[in-house]
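Worksheet: the structure to be examined is printed underneath.
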Amino acid sequence: MRTSKFISTIDSHTAGEGTRLVMSGLPPIPGGTMAEKLAYADEHLSWVLGLLLSEPRGHKDLFGAILVPPCSPTADIGVLFMDNKDYEPMCGHAVIGIVTTLLETGMFEMVAPETLVTLDTPSGPVRAHAQIMDGHVQAVSFQNVPSFIYRSDVTLKVPEVGDLVVDVVFGGLFFVFVNARHLEIELIPDNVARLADLGMRILAAANEQVSVQHPELPHIDKIIDLRFYLEPASDGADSRNVVILGDHMIDRSPCGTGTCAELALRYARGQLGLGEPFVTESILGTRFTGQVITESQVGSDSEVIPAVIPMVTGSAYITGFHQFVLDGEDPFPEGFRLTA
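If you want it as structure tokens, here you go:
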């Protein structure tokens, strides 16, 4: 066989959203910090996004991650995250999927009733607590990096939409938050194509009209995701959302980092108390439960931004073990993408 690549992955889904976790087959990713590893992957490993997250081996809405040695002495493993367009500094649903995969496959020892795993990410160390019952991972709660409102009540001028008031919030990466009521659109599966199109246009406008820069992490200087939100569609939930990212990519889960950002937003506005459970619901009706566990802050003495430390809980399930190859004569070495 004329194979030029041989890549092993373990796939999982968290509340419906996939995570393709690369276990082997990629060259070493150098860097003394996770930010340096992220920059190296951006520059040298863009082909991985196409090969693994596009057809014929994947699809445009599939998310991925790569295990790397950690840079923080307190971390157990390092992780780089990837959507269908770019490498990302953090992803909550993937953290839940990765920790579940590491424990269920025996790569990390499973200790009941709770196993702690700390992941090093380009946004900072993320501490995960896996709840163990009968030898299996029942759920994973992750304590995220400080999350905060960056800009509140910003008016964007969006082509074919007009003026739109949004919030820019950090939850491990920068989000633009949009109340879907302002656009008169329901967050239901029948509307995913329109939501993706609107989301991409609003994201483009936000990045053109709003400059962002994390006060402590110089490499985080772009709004990556958009979160539409509404009142919940079913009893027991507090919010319904759809996150748009990458290239017209639609998150099937309630989005872990987006939930962290929503916790920060609602806490700052007095809509949520310390330690109060907050249930977010995806477009599929799947759920994460979050809470603010403590107050925090980011920045220097000259510009201190109030923040919170959020925790989000969800469950993941392994869906497959894969060996991907690339034939040296394959006409699609970086895959392809068709859109309707």
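Using our numbering, the first residue of the sequence shown is number 1, and each one after it goes up by one.
Note that beta-carbon positions come from the ideal geometry of N, C-alpha and C, so glycine has one too.
Just list the residues that DSSP pairs Ser-152 with in beta bridges.
None, per the DSSP bridge assignment.
DSSP-derived helix/strand/coil call for Ser-46:
helix
Taking DSSP as the reference, what is the three-state secondary structure of Val-111?
coil
Proximal residues to Lys-222 (C-beta, below 8 angstroms), its chain only, five neighbours per side dropped:
Phe-174, Asn-207, Val-212
Pick helix, strand or coil for Asn-241, following the three-state DSSP scheme.
strand
Distance, Cα to Cα, Ser-46 vs Gly-18?
Computed Cα separation, rounded: 19 angstroms.
If we ignore side chains and look at the alpha-carbon of each, how far apart do Phe-278 and Val-325 end up?
As the crow flies, the alpha-carbon of Phe-278 is around 43 angstroms from that of Val-325.
Short check: CB of Arg-194 to CB of Leu-230, under 9 angstroms?
No. Outside cutoff.
Backbone CA spacing between Arg-201 and Leu-217 [nearest angstrom]
26 angstroms
Same chain only: Cβ atoms within 8 angstroms of Thr-257, ignoring 5 sequence neighbours per side
Result list for Thr-257: Met-90, Cys-91, Gly-92, Asn-144, Gly-171, Gly-172, Leu-173, Phe-175, Asp-225, in chain order.
Taking buried to mean at least 16 other C-beta atoms within 10 Å of its own C-beta, is Ile-66 buried or exposed?
buried
Report buried or exposed for Leu-21, applying the criterion of at least 16 other Cβ atoms within 10 angstroms of its Cβ.
buried
I'd like to check one pair, Asp-86 with Asp-120: are the Cβ atoms closer than 9 angstroms?
no
Taking only the alpha-carbon atoms, compute the straight-line gap between Ser-152 and Pro-215 and give it to the nearest angstrom.
16 angstroms
Is the closest heavy atom of the ligand ATP to the C-beta of Pro-331 under 8 angstroms?
Although the ligand ATP was asked about, the structure shown includes no ligands whatsoever.
Candidates Thr-155, Thr-74, Phe-6: which alpha carbon is nearest Arg-127's?
Thr-74
Confirm, please, whether the CB-CB distance from Glu-55 to Arg-269 is below 9 angstroms.
At a Cβ-Cβ threshold of 9 angstroms, Arg-269 and Glu-55 do not count as neighbours.
Is His-13 closer than 9 angstroms to Thr-319 when the C-beta atoms are compared?
yes
Under the three-state reduction of DSSP, which class applies to Gly-97: helix, strand or coil?
helix
Close beta carbons around Met-311, own chain, < 6 angstroms, minus the five adjacent residues each side
Closer than 6 angstroms at the Cβ level, and outside the excluded window around Met-311, lie Ser-141, Gln-143, Gln-291, Ile-293.
Indicate the three-state DSSP secondary structure (helix, strand or coil) for Ile-202 in the structure shown.
helix
Measuring alpha carbon to alpha carbon, tell me which residue in Val-192, Val-117, Val-161, Gly-236 is nearest Leu-245.
The shortest C-alpha to C-alpha distance from Leu-245 to any of Val-192, Val-117, Val-161, Gly-236 is the one to Val-192.
With a CB to CB cut of under 6 angstroms and the five nearest residues on each side skipped, what residues in its chain are close to Gly-97?
Ser-12, Thr-14, Thr-19, Ala-316
Check for me: the alpha helix (DSSP H) holding Glu-262 runs from which residue to which?
256-268
Selection from Glu-109, Val-48, Met-34 that minimises the alpha carbon distance to Leu-80:
Met-34
Using beta-carbon positions only, say whether Ala-261 and Arg-227 come within less than 9 angstroms of one another.
For the pair Ala-261 and Arg-227, the CB atoms are nearer than the 9 angstroms cut-off.
Own chain, CB closer than 6 angstroms to Gly-31, minus 5 neighbours either side, in chain order
Lys-37, Tyr-40
Backbone CA spacing between Asp-347 and Glu-329 [nearest angstrom]:
The structure shown does not extend to residue 347, since the chain is modelled only from 1 to 340, so the question has no answer here.
Have a look at Ser-4, Asp-76, Leu-265 and flag the residue whose alpha-carbon is nearest the alpha-carbon of Met-107.
In terms of Cα proximity to Met-107, the closest of Ser-4, Asp-76, Leu-265 is Asp-76.
Determine the DSSP secondary structure at Gly-18, reduced to helix, strand or coil.
Under the three-state reduction of DSSP, Gly-18 is assigned to strand.
Let me know the secondary structure DSSP gives Leu-119 once reduced to three states.
strand
Apply the 10 Å Cβ neighbour rule to Thr-339 and answer buried if 16 or more other Cβ atoms are within range, or exposed otherwise.
exposed
Is the beta carbon of Arg-266 sitting closer than 9 angstroms to the one on Leu-272?
For Arg-266 and Leu-272, yes; Cβs fall inside 9 angstroms.
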